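Residue 3 is where the sequence shown starts when you use the working numbering, and the numbers rise one by one after that.
Okay, structure first, notes after.
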Amino acid sequence: GKRLRPVLVIAASEAVGGDRKAVLPFAVAAELIHTYTLIHDDLPALDNDDLRRGKPTNHKVFGEAVAILAGDALLTEAFILMTRSAGMESIPPENILNATHEMSTALGSKGMIGGQVVDLESEGKPIDAETLEYIHIYKTGFLIRACIRCGGMLGQATSRQLNSLSRFGAHIGLAFQIIDDILDITGDEKQLGKDIGSDLTKDKATYPALYGLDESRRKAEELVNESLACLEEFDGRADPLREIARFFVQRTF
3 GKRLRPVLVI AASEAVGGDR KAVLPFAVAA ELIHTYTLIH DDLPALDNDD
53 LRRGKPTNHK VFGEAVAILA GDALLTEAFI LMTRSAGMES IPPENILNAT
103 HEMSTALGSK GMIGGQVVDL ESEGKPIDAE TLEYIHIYKT GFLIRACIRC
153 GGMLGQATSR QLNSLSRFGA HIGLAFQIID DILDITGDEK QLGKDIGSDL
203 TKDKATYPAL YGLDESRRKA EELVNESLAC LEEFDGRADP LREIARFFVQ
253 RTF
């Protein structure tokens with residue numbers, strides 16, 4: 003896996019002068035959450051995928067029941083890490099509480115789960131651009147933005163800094179999912195470590211299906227450029243965030 007989400011937590015915290023070691027528990031929690039979502043997404047009731055990170059998916063190896071329990075356990079462990087005090091003593095408790103609330107909201111019915119439901123209901127149906135954007139923002143974008151916002155909160159960002167990070171996260175979160183849509187068509191299964199072409203097989207709502215590959219690439223590049231503009235007020239400590247954004251676009255060409 004790319005470990006993108008924990009890296010975003012750390013990079014956002016460091017961009018505002020936060021301590022890397024202090025946010026590590028939260029960063030690890032972000033990766034546990036992401037892994038839980040992958041295990042559950044791969045289940046037969048949802049995406050029914052056979053390959054993840056170059057290996058058979060969890061339910062293919064251990065069965066559906068264990069896969070469900072494994073995902074539940076990872077999510078629970080994530081909240082244990084997010085609310086622990088060890089290692090995060092330098093962060094005000096209120097900031098930890100706010101970050102935990104931020105992550106919870108991004109995962110629930112008003113975030114990732116809400117997007118997943120609309121995605122399921124849209125399979126095999128014609129959808130408009132507004133619905134497609136809703137699915138991508140809620141299903142994928144909110145968690146990515148939450149990782150960035152949480153990093154900012156834990157790094158004790160100012161209100162202005164947090165607003166800029168939020169806008170960066172919103173742009174980069176949508177760009178990430180558009181690029182993921184593109185790579186499902188153009189990517190290499192061995193390189194990506196997951197099934198290719200599954201979106202097309204399941205008739206899922208994607209940007210290439212609605213706009214075509216070239217326009218999808220243009221939209222992703224535009225979003226990345228907009229995300230970089232959101233970081234103009236930050237100094238060199240935000241360079242890791244900038245490099246992540248640029249890397250997104252490079253993956254599609």
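For each residue, glycine too, the CB sits at the ideal point set by N, CA and C.
The structure presented is a predicted model; accordingly, all values stated were derived computationally and were not measured.
Where residue i falls, given that 16 or more other Cβ within 10 Å makes a residue buried
i	result
Ala31	buried
Arg147	buried
Asp51	buried
His103	exposed
Ser106	exposed
Phe255	Low confidence applies to Phe255: its pLDDT is 49, below 50, so where it sits in the model is not reliable, and the reading given next is rough at best. Phe255 should be labelled exposed.
His19	Note that residue 19 corresponds to Gly in the displayed sequence, not to His. Exposed: under 16 other Cβ atoms inside 10 Å.
Arg7	buried
Helix, strand or coil at residue i according to DSSP, with G and I counted as helix
i	result
Phe255	Because the pLDDT at Phe255 is just 49, under 50, the model does not fix this residue reliably, and the point stays unresolved.
Pro128	coil
Lys57	strand
Gln179	helix
Gly65	coil
Phe28	helix
Thr39	helix
Asn227	helix
Lys206	coil
Gly20	coil
Ala247	helix
Glu79	helix
Arg7	helix
Asp49	coil
Phe170	helix
Leu233	coil
Spatial neighbours of residue i in its chain, beta-carbon cut-off 6 angstroms, leaving aside the 5 residues before and after
i	result
Leu10	Cys149 and Ile150
Ser124	Ala207
Ser218	Ile180, Ile184, Tyr209 and Pro210
Leu145	Ala108 and Met114
Asp49	Asp43
Own chain residues within Cβ distance below 7 angstroms of residue i, not counting five before or after
i	result
Ala240	Ala17 and Leu233
Asn100	Met155
Cut-off 8 angstroms between Cβ atoms - residues of its own chain near residue i, not counting five sequence neighbours on either side
i	result
Pro27	Leu83, Met84, Arg86, Ala88, Gly89 and Met90
Arg22	Ile12, Ser15 and Glu16
Is there contact here, the stretch 245-253 with the stretch 172-181, by at least three beta-carbon pairs under 8 angstroms?
yes
Complete runs of the alpha helix (DSSP H) confined to the stretch 86-153 [at least 4 residues]
95-109, 114-124 and 131-138
Counting Cβ pairs closer than 8 angstroms, one from the stretch 39-49 and one from the stretch 72-91, do we hit at least three?
A contact exists between the stretch 39-49 and the stretch 72-91.
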